[in-house]
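Only one structure is covered here, and it is reproduced in the block below.
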Amino acid sequence: MTIRTAVVTGAARGIGAAVARRLSADGLAVAVLDLSAEACKPVVDEIEAAGGTALAVGADVSSESDVARALDEVTGTLGAPAVLVNNAGILRDNLLFKMSVDDWDQVMNVHLRGSFLMTRAVQQHMVAAGWGRIVSLSSTSALGNRGQVNYSAAKAGLQGFTKTLALELGKFGITANAVAPGFIETEMTAATAARIGVPFEDFKAATAEQIPVRRTGKPEDIAHTVSFLASEGAGFVSGQVIYVAGGPTD
1 MTIRTAVVTG AARGIGAAVA RRLSADGLAV AVLDLSAEAC KPVVDEIEAA
51 GGTALAVGAD VSSESDVARA LDEVTGTLGA PAVLVNNAGI LRDNLLFKMS
101 VDDWDQVMNV HLRGSFLMTR AVQQHMVAAG WGRIVSLSST SALGNRGQVN
151 YSAAKAGLQG FTKTLALELG KFGITANAVA PGFIETEMTA ATAARIGVPF
201 EDFKAATAEQ IPVRRTGKPE DIAHTVSFLA SEGAGFVSGQ VIYVAGGPTD
């Protein structure tokens with residue numbers, strides 16, 4: 001049986017690292033992609049120590065040339081990608097009147113331009129194979145979140161992006177779905193706590209009180225959902241946005 005290859009962006013830490021580890025455990029060869037290949041090495045080492053196959057790839061997903069080079073490296077080393085997880089993301093939070101054009105552009109470039117460039121690059125391999133899974137990371141912030149007009153717009157944009165991919169690529173055996181996490185314990189949410197001047201443990205405790213399951217999420221919660229959407233058994237699930245937030249969303 002041929003081992004399928006997955007590419008996970010923003011995979012050096014947090015949700016991306018958890019997804020990379022889980023897809024490897026599911027039996028896929030995994031390209032762990034982030035800005036620096038060196039930053040990806042600990043995740044690759046962990047996967048290899050567990051008996052999996054992984055490759056550290058350094059690339060800026062918002063750069064067309066970087067994406068082309070990265071996909072050539074992945075295809076040449078691990079094989080043509082069958083699964084793509086668009087997870088790379090950054091925060092540049094601020095209230096609208098304080099937000100700079102650069103804050104806006106950087107967030108749009110990584111989340112939206114990056115997902116577009118990566119997906120455009122991999123879809124040809126998936127079309128040729130007649131099989132593919134594209135999973136993009138949205139967020140509950142897509143519903144609106146104070147101080148995140150750029151991030152919220154980008155995450156909402158990924159939902160429209162996903163639904164359109166599902167319409168265009170479905171006839172080639174390719175599904176496209178989005179996962180929209182709620183509060184997940186990562187360096188990114190820790191940075192949010194620091195920005196507003198609240199200790200992270202207090203921030204998590206206060207947030208958990210507002211979540212029906214009475215806890216905050218962990219990267220593995222998202223990895224489990226991505227694992228399903230990337231599986232053979234999810235072939236009739238496409239164009240969906242799955243909120244993984246510990247309760248219903250508005």
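Numbering (the UniProt record's numbering), first residue to last: 1 to 250. Heads up, the beta-carbon is just placed ideally off N, CA and C, and yes, glycines get one too.
Residue pairing from DSSP places T175 in a beta bridge opposite R133. At least 8 Å separates the beta-carbon of V74 from that of A223.
Contact check between the stretch 155-165 and the stretch 54-72: fewer than three CB pairs, one atom from each, fall below 8 Å, which does not count as touching. Residue pairing by DSSP places V241 opposite A178 in a beta bridge. Taking the CA atoms as reference points, E48 sits about 13 Å from R22. Rounded to whole angstroms, the Cβ separation of T5 and L117 is 18 Å, and the two are not in contact under 8 Å. Rounded to the nearest angstrom, the Cβ distance from N87 to L137 is 5 Å, consistent with a contact under 8 Å. Taken in chain order, the complete alpha helix (DSSP H) segments of 4 residues or longer contained in the stretch 87-129 are 101-108, 114-129.
Separation of the CB atoms of A70 and L95 is rounded to 35 Å, and the pair is thereby denied contact status at 8 Å. From the listed residues S141, T140, A121, A142, the smallest Cα separation to G132 is found for A121. The stretch 12-59 contains, as complete alpha helix (DSSP H) runs of 4+ residues, the segments 14-25, 37-49 (chain order). About 6 Å separates the beta carbons of F172 and G130, which is inside the 8 Å limit, making them a contact pair.
Positions of the alpha helix (DSSP H) runs, each at least 4 residues long and wholly inside the stretch 188-219, are given as 200-208 in order along the chain. Under the 8 Å Cβ criterion, the stretch 179-192 counts as touching the stretch 215-222, having at least three qualifying pairs.
Of the candidates S63, A68, V67, R13, the residue whose Cα lies closest to the Cα of P42 is R13. The DSSP-derived three-state label of A6 is strand.
C-alpha of N109 to C-alpha of Q148: approximately 15 Å in a straight line.
If you draw a straight line from the Cα of R113 to the Cα of S152, it comes to about 15 Å. For A82 and F228, the gap between their C-alpha atoms comes out near 14 Å.
C-alpha of G52 to C-alpha of K98: approximately 46 Å in a straight line.
Distances from the CA of V179 to each of V7, I15, A11 were compared; the closest alpha carbon is that of I15.
Cα atoms of S238 and K155: separation of roughly 18 Å, rounded to the nearest angstrom. In this structure, the beta-carbon distance from N150 to V198 does not fall below 8 Å.
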